[in-house]
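Colleague:
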Amino acid sequence: MASKAHKRSLAVSRMKGLVLSLSPFSKVAEEYRSTRTNLYFLMKNKGSKSLVVTSAKKGEGKSTSVTNLAISMAKGNEKVLIVDANFRRPFVHTIFNLPNQLGFLDVLKGTLPMKEVMYHSYVPNLDVLTSGDLSSNSLEVINSQRIIAFLEEVSQQYDRIIIDAPPILEAAEVRFLASRSDGVILISCKNKTKIDEFAEAKRALEVAGANLIGVVLNEKNQSLLDGYFF
């Protein structure tokens, strides 16, 4: 049974990277809002709600970008859910200063309903589903059928579902997530992502039949967007 802590709202940690909260009128915050607007037009079909965010390799600022983008969407009066699907190196719970004993894995296993493990953030309209405690066989619960059932459930409750996925070149399960989502954003890190790695990640998404709708170039040293989206 979920602890009582899972039933109350918890404030997000004031980390440097959360520019939409700390510096809402900054140039970088405006770039997130611009990205949100681009996504609105790229995913304007009524049924398009789920968005997977991945990268070629780890350490490219993906989770920070996910969080700021989700905050921007929530502040745009959309009901948003962040899902941490990085079962190898989860980080969303750290950004939001949340416990991670229970979460997305428990929902996929069918042991707990989402309402028992989901958190309300301090941002109105923004909820968070952490990864859950990892075990040696945790990846065995991930398959297309479970992902489809989950997305169908949350799509009835939220306007946008932003999924923080592992790097696609390091985790095969990303292809399940990408192929079943409405869209995918590929994060690339300025002065870090190699061209051949980026090309390989793009091919992997194409093979999976994913709908790659955009690429964001991240400035790793600042953990901020650098303003590229296409």
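In this text, residue positions in the sequence shown follow the numbering used here: the first is 6, and each later residue adds one. Ideal placement from N, C-alpha and C gives every residue a C-beta, glycine not left out. It should be emphasised that the depicted structure is a prediction, and the values quoted were computed from it without experimental measurement.
Skipping 5 residues on each side, what residues in its chain have a beta carbon closer than 8 Å to that of G65?
Modeller: Your numbering for residue 65 matches position 60 in the sequence shown. Checking the sequence shown, residue 65 turns out to be Glu, not Gly. Here the set comprises P172, I192, S193, C194, K197, T198, N223 and K225.
Colleague: What residue from L174, E178, A204 and N102 has the CA that sits closest to Y127's CA?
Modeller: Along the sequence shown, read from residue 1 onward, the residue named residue 127 stands at position 122. The candidate whose alpha carbon is nearest that of Y127 is N102.
Colleague: Is it right to say L27 is buried, meaning 16 or more other beta carbons lie within 10 angstroms of its own, or is it exposed?
Modeller: By 1-based counting over the sequence shown, the position of residue 27 is 22. At L27 the pLDDT is 43, less than 50, meaning the model places this residue with poor confidence; the figure from the coordinates comes in the next sentence. Looking at its Cβ environment, which holds fewer than 16 other Cβ atoms inside 10 Å, L27 is exposed.
Colleague: Quick test of the definition: if touching needs 3 or more C-beta pairs under 8 Å, does the region 73-80 touch the region 94-112?
Modeller: Output reads no: the region 94-112 does not touch the region 73-80.
Colleague: What is the residue span of the beta strand (DSSP E) that S126 lies within?
Modeller: Position 121 of the sequence shown, counting from 1, holds the residue named residue 126. From DSSP, S126 is part of no beta strand (DSSP E); its letter is neither H nor E.
Colleague: Hey, would you say L156 sits closer than 8 Å to A170, going by beta carbons?
Modeller: On the sequence shown, residue 156 is found 151 positions in, with the first residue counted as 1. On the sequence shown, residue 170 is found 165 positions in, with the first residue counted as 1. No.
Colleague: Would you tell me roughly how many angstroms separate the C-alpha atoms of K114 and E178, rounded to the nearest one?
Modeller: Translated into the one-based positions of the sequence shown, residue 114 becomes position 109. Translated into the one-based positions of the sequence shown, residue 178 becomes position 173. Near 15 Å, if we compare the C-alpha coordinates of E178 and K114.
Colleague: Going by Cα to Cα distance, which pick from S55, G188 and I100 is closest to K84?
Modeller: As a first step, residue 84 is located in the sequence shown; it is residue number 79 there, counting from the start. With distances taken between Cα atoms, K84 lies closest to S55.
Colleague: For V57, which option in E202, R165, V212 and F203 has the closest C-alpha, if you only look at C-alpha atoms?
Modeller: Translated into the one-based positions of the sequence shown, residue 57 becomes position 52. Taking only the C-alpha atoms, the option nearest V57 is R165.
Colleague: Between the beta-carbon of A206 and the beta-carbon of A61, is there less than 8 Å?
Modeller: In the sequence shown, counting from the first residue as 1, residue 206 sits at position 201. In the sequence shown, counting from the first residue as 1, residue 61 sits at position 56. In this structure, A61 lies closer than 8 Å to A206 by Cβ.
Colleague: So is S149 buried or exposed if we call it buried at 16+ other beta carbons inside 10 Å?
Modeller: The sequence position of residue 149 within the sequence shown is 144, counting from 1. The residue in question, S149, is exposed, as its Cβ has fewer than 16 Cβ neighbours within 10 Å.
Colleague: I need the straight-line Cα distance from L139 to R93, nearest angstrom please.
Modeller: Walking along the sequence shown from the start, residue 139 turns up at place 134. Walking along the sequence shown from the start, residue 93 turns up at place 88. When rounded, the distance between both Cα atoms is 8 Å.
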